[in-house]
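Trainee: Protein sequence lines correspond, in order, to chains A, B, C and D.
Number 178 in my numbering belongs to position 174 of the first sequence; there are no gaps in the numbering.
Number 127 in my numbering belongs to position 123 of the second sequence; there are no gaps in the numbering.
Number 29 in my numbering belongs to position 25 of the third sequence; there are no gaps in the numbering.
Number 160 in my numbering belongs to position 156 of the fourth sequence; there are no gaps in the numbering.
Ideal Cβ placement from N, Cα and C applies to all residues, glycine included.
The structure displayed is predicted, hence computed values, not measured ones.
Number of protein chains: 4
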Amino acid sequence: MSLVIVAGAGPGLGSALLSRFAEGDYTAVGFARTATQRGPFDIRQVDLTDSQRVTTAVSALMEAHGPPKIVIHNPAGLLIGPLMETTQDDFENCWRAVALSAFILAQAVVKPMADNGGGAFIVSGATASLRGGARFAAFASAKFALRGLTQSLAREYQPLGVHVAHVILDGIIDSDRSRAWHSLDPTRMMKPEDIAEVYWQLAHQPRSTWTQEVDLRPHSEGF
Amino acid sequence: MSLVIVAGAGPGLGSALLSRFAEGDYTAVGFARTATQRGPFDIRQVDLTDSQRVTTAVSALMEAHGPPKIVIHNPAGLLIGPLMETTQDDFENCWRAVALSAFILAQAVVKPMADNGGGAFIVSGATASLRGGARFAAFASAKFALRGLTQSLAREYQPLGVHVAHVILDGIIDSDRSRAWHSLDPTRMMKPEDIAEVYWQLAHQPRSTWTQEVDLRPHSEGF
Amino acid sequence: MSLVIVAGAGPGLGSALLSRFAEGDYTAVGFARTATQRGPFDIRQVDLTDSQRVTTAVSALMEAHGPPKIVIHNPAGLLIGPLMETTQDDFENCWRAVALSAFILAQAVVKPMADNGGGAFIVSGATASLRGGARFAAFASAKFALRGLTQSLAREYQPLGVHVAHVILDGIIDSDRSRAWHSLDPTRMMKPEDIAEVYWQLAHQPRSTWTQEVDLRPHSEGF
Amino acid sequence: MSLVIVAGAGPGLGSALLSRFAEGDYTAVGFARTATQRGPFDIRQVDLTDSQRVTTAVSALMEAHGPPKIVIHNPAGLLIGPLMETTQDDFENCWRAVALSAFILAQAVVKPMADNGGGAFIVSGATASLRGGARFAAFASAKFALRGLTQSLAREYQPLGVHVAHVILDGIIDSDRSRAWHSLDPTRMMKPEDIAEVYWQLAHQPRSTWTQEVDLRPHSEGF
């Protein structure tokens, strides 16, 4: 069975991704800040901003399963606030969680993937990947950074067989937490399992038709 | 069986789309400039730039099958040449084939689709939809026009249930004709059936996750 | 004195452009649908969608003044309305006014400009050049078409010495008419003379630093 | 005399900016990593990635001159290399030099500027601000981050009177260093003084017409 790593395997989209790929006969392993038991999933506690920890976790997996076929970068990191209430630590930690973590992850996996016949590296973007809104100084800057990195990875590694895709998630993902926070009709939220299906499709695009960027939003979402 | 209309049903991608949706249990009907027999497909001769002809053809189909569930806009229209060798007729005909035809088609179908529970309207874009290159005055202008129209349709009709998606085809589509024209390794071309699969996926995205724009290119294509 | 042609020389921005370049010691000539007397300006009645009329008008000017140094494409053409209330004539006329007119104008001037040492061809874009909003099917499609054409012109003619610039006017231009139509505080509108100053600056950029696209909006405008 | 701060006041564009604003009757002060004497300019040694140092330097200037009218963010930071030869320190230092420094600078100046009647905060972007090329993992990611931050600043502070502009420098800036590195005809490079003129123009745009983003490239540059 091929290995898929979901880095940022929180409840919600993270779990839905693990679930989708497990159903599709992958060995699905999650990395998360806290390794709580969640159903049947193999979720390992890995601080994605710590390259030592990421390398160790990836090496252990590769020893057992060989290089991953699919790697998904999906940590959270949303931070909203006025410029003058955003500390330098906020700004830096947001970038570490969102962008540096992708660099560390890519360095740990893309070469073994390329050497092993290729695969897919899929990144979760957001509305803020394309538009720096007021009060999004930290988060938009971090998500822009992630998008720039993703494009560079695509241009360097796609010719070597690693498909790199960036998914713009332009809406609220349905979860207990987002239902509590937003007074939004749940039918106007994106279902984690519907998003996961798109990642599944991207991960299996044939080499003749690779997507670099795709957006997703609820049909009722203004944009 | 639900109806799918492929407007611009030439050999290559047009046929692959008809084929994919027919396999998926749709009544698949093509509109093409010339209605040559091509395998098992129901291809009707319709000049897509003639609103009278389009309306008549769509009405006939709706009488037999009800409003379409899926409509795909996929006419050709590539035109390359220096500005001073592009006649006003060239410029105008390119826009008619590429952009006006989409307006005419949309006016014929999106309201019945919205009134009938929704559906998907999918449009074939190109590299020239995003970048006006030298010698592409006519074609880039027409493809930009098509993209602007598509965005407007999405914003007006998605809240009414009609998903509007724009596919950036950033590469050469494999066909006998393109093999003859381009000295390009066929493994570096997009396979029509691979593209058709993406249209199929877009057409069936659940309302929680609709794509407005997606790009596709061969893994080896520079961009 | 060098010649500047302002195609689309209505009151408001058109007049401000004529005024700014006349002050700067250009022979400033306007083309407008109706050649009403407006102050000191030389405004000629030219239907910009009629290539015969444009060619004749440009030839007459070139005979008297030589090829223009600066050409500005600035016709109006705003059209807003739901898809189903936009007729095919509306859609087509909007494109003719906005995009075809630029093609015709470019064909009449860019080669003589290139052969005569170069110059600048500056185009007025709008918010709808970048975003196809609901109810903007015709106008956004036409403005997108204009932008694609402009990019192609830039890539073909800048190496030959003709600077091609596209100005995104993202806001309401202050005028008697717009004050009557919009219940907007005039301090939140763009002053025609402030816009004209930017066109002046673009027209005189040295070859080492040419702008292809610039946006302008009132400081209070959301975006 | 009003104060302008040029953060990133190296030879080349930095000096040209100091020069242009000094000529225009500003008190022009540069921040640079190393405070070598360069002609008549007041250049202070400030590590832009050290918020303590930046705050101290800005406070000293404000005490003497009041809040700055114009602040320009222009540090270097170019880094090119394959992903696997880019260390985590490279990636992080590039982001610190390019993006974090802008956050620190903005926090030090935009509120006093807004409280003091407004001003302009102008940021130097690059080709890599819009496109993540192969071998640009660090630099493109950092420049994307800077652009996202700049957009957020514009949307938060323009309504408060601080104009925030992002300049895409799409080409090689002429300098002794770039002449030595690139085998490029100097007539195909951007002159620092021509770029500086654009910053001057942006800094003085009236509130009715503010530019958020503008690109600049030599007329001969492909794009």
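1. Using a cut-off of 8 Å between C-beta atoms, extract the partners of C/Trp204 located in chain D.
2. Below 8 Å CB to CB, which residues in the same chain sit around B/Glu201 once its five sequence neighbours on both sides are set aside?
3. Identify whether A/Met193 lies in helix, strand or coil by the three-state DSSP scheme.
4. Sorted by chain position, which residues of the same chain lie with C-beta nearer than 7 Å to C/Leu83's C-beta, five sequence neighbours on each side aside?
5. Work out the CA separation of A/His77 and A/Val127 for me, nearest whole Å.
6. Return no unless some Cβ of chain A is closer than 8 Å to the Cβ of B/His170.
7. So for B/Ala169, helix, strand or coil by DSSP?
8. Between which two residues does the alpha helix (DSSP H) containing B/Phe143 stretch?
9. Comparing alpha-carbon positions, which option in D/Pro86, D/Glu160, D/Ile177, D/Met5 lies nearest D/Ala68?
10. When we look at the beta-carbon of D/Gln162 and count the other beta-carbons within 10 Å, is it buried (16 or more) or exposed?
11. Using a Cβ-Cβ cut-off of 6 Å (strictly less than) and excluding sequence neighbours within five positions of C/Ile47, which residues of its own chain qualify?
12. Give me the residue from B/Leu206, B/Asp178, B/Gly85 with the minimum Cα distance to B/Ala138.
13. Under a three-way DSSP split, which group does A/Val10 fall into?
14. Apart from the five residues on each side of it in sequence, which residues of its chain come closer than 6 Å, Cβ to Cβ, to C/Asp51?
15. What span of residues does the beta strand (DSSP E) with C/Gln49 cover, start to end?
16. Hey, is A/Leu99's beta-carbon within less than 8 Å of any beta-carbon in chain D?
17. For the region 45-63 of chain D, which residues have a CB atom closer than 8 Å to at least one CB atom of chain A, in sequence order?
18. Nearest by alpha-carbon distance to D/Val168: which of C/His223, C/Pro72, C/Thr90, C/Ala112 is it?
19. Considering only residues of the same chain and omitting the five flanking positions on each side of B/Val4, which have a CB-CB separation below 8 Å?
20. Nearest CA to the CA of A/Ile108: which residue from A/Leu153, A/Leu164, A/Arg42, A/Asp29?
21. Going by C-alpha to C-alpha distance, which of B/Gln92, B/Ser105, B/Gly18 sits closest to B/Phe45?
22. Classify B/Thr191: buried if its beta carbon has 16 or more other beta carbons within 10 angstroms, exposed otherwise.
23. Taking Cβ-Cβ distances below 7 Å as the criterion, which residues of the region 198-223 of chain C are in contact with chain D?
24. Should D/Gly81 and D/Ala146 be called a contact, given that it needs their Cβ atoms to be closer than 8 Å?
25. Taking just the CA atoms, how far does D/Val102 sit from A/Ala132?
26. Can you tell me whether B/Trp185 is buried or exposed? The criterion is at least 16 other CB atoms within 10 Å of its CB, across all chains shown.
27. Report the partner residues of A/Ala130 according to the DSSP bridge assignment.
28. Between A/Gln162 and chain B, is there a C-beta pair that is closer than 8 Å?
29. Determine whether the Cβ of C/Lys195 lies closer than 8 Å to any Cβ atom of chain D.
30. Can you name the residues that DSSP bridges to C/Val218?
31. Going along chain B, which residues have a C-beta under 8 Å from A/His250?
32. Closest to B/Pro15 by CA distance: which of B/Leu7, B/Ala130, B/Pro79 is it?
33. For A/Ile76, list the residues DSSP reports as bridge partners.
34. Do the CB positions of B/Leu173 and B/Leu206 come within less than 8 Å of each other?
35. Any beta carbon of chain A sitting closer than 8 Å to that of D/Gly191?
36. Quick one: Cα of B/Gln209 to Cα of A/Ser156, how far?
Mentor: Inspection of the coordinates gives the following:
1. Residues of chain D whose Cβ lies closer than 8 Å to the Cβ of C/Trp204 do not exist, since the nearest Cβ in that chain is about 10 Å away.
2. Cβ contact annotation for B/Glu201 (same chain, cutoff 8 Å, sequence separation greater than five): Arg24, in chain order.
3. A/Met193: coil per DSSP, three-state reduction.
4. Counting only Cβ-Cβ distances below 7 Å, and skipping sequence neighbours, we find Asp94, Cys98, Ala142, Phe143.
5. Rounded to the nearest angstrom, the two C-alpha atoms are 5 Å apart.
6. So no, B/His170 is outside the interface.
7. In the structure shown, B/Ala169 adopts extended strand secondary structure according to DSSP, grouped into three states.
8. DSSP places B/Phe143 inside the alpha helix (DSSP H), whose first and last residues are 141-161.
9. Minimum Cα distance to D/Ala68 is reached at D/Met5.
10. Classification of D/Gln162: buried, given that the 10 Å Cβ count is 16 or more.
11. By the criterion of a C-beta distance shorter than 6 Å, C/Ile47 is surrounded in its chain by Ala13, Gly34, Ala36, Ala39, once the five residues flanking it on both sides are discounted.
12. Checked all of B/Leu206, B/Asp178, B/Gly85; the closest Cα to B/Ala138 is B/Gly85.
13. Assigned with DSSP and collapsed to three states, A/Val10 falls in strand.
14. Excluding positions up to five away in sequence, the list reads Arg57.
15. Its beta strand (DSSP E) spans residues 46-49.
16. First, the amino acid is wrong: residue 99 of chain A is Trp here, not Leu. Contacts with chain D at 8 Å (Cβ-Cβ) include A/Trp99.
17. If the cut-off is 8 Å between Cβ atoms, the region 45-63 of chain D has Ser55 near chain A.
18. Out of C/His223, C/Pro72, C/Thr90, C/Ala112, C/His223 has the C-alpha closest to the C-alpha of D/Val168.
19. Since the displayed chain B opens at 5 and closes at 227, residue 4 of chain B lies outside it and no answer follows.
20. Its Cα nearest to that of A/Ile108, the residue A/Leu153 stands out among A/Leu153, A/Leu164, A/Arg42, A/Asp29.
21. Selection B/Gln92, B/Ser105, B/Gly18 evaluated against B/Phe45 yields B/Gly18 as nearest (Cα-Cα).
22. The residue is exposed, with fewer than 16 neighbouring Cβ atoms inside 10 Å.
23. Listed by position along the chain: Asp198, Ile199, Val202, Gln205, Pro210, Arg211, Ser212, Thr213, Trp214, Thr215, Gln216, Glu217, Val218, Asp219, Leu220, Arg221, Pro222, His223.
24. Note that the C-beta distance between D/Gly81 and D/Ala146 is below 8 Å.
25. Using only the alpha carbons, I get a separation of about 19 Å.
26. It counts as exposed.
27. Beta-bridge analysis with DSSP links A/Ala130 to A/Leu173.
28. A/Gln162 counts as touching chain B.
29. Closer than 8 Å to some Cβ of chain D, the Cβ of C/Lys195 qualifies, so yes.
30. Looking at the DSSP assignment, C/Val218 forms a beta bridge with C/Val171, D/Val218.
31. Chain A is shown from 5 up to 227; residue 250 of chain A falls before or after that span and cannot be answered.
32. Out of B/Leu7, B/Ala130, B/Pro79, B/Pro79 has the C-alpha closest to the C-alpha of B/Pro15.
33. Under DSSP, A/Ile76 takes part in a beta bridge, and its partners are A/Val10, A/Ile126.
34. Not in contact: B/Leu173 and B/Leu206 (Cβ atoms no closer than 8 Å).
35. The amino acid at residue 191 of chain D is misidentified as Gly; the sequence shows Thr. Cβ-Cβ to chain A under 8 Å: no for D/Thr191.
36. About 29 Å.
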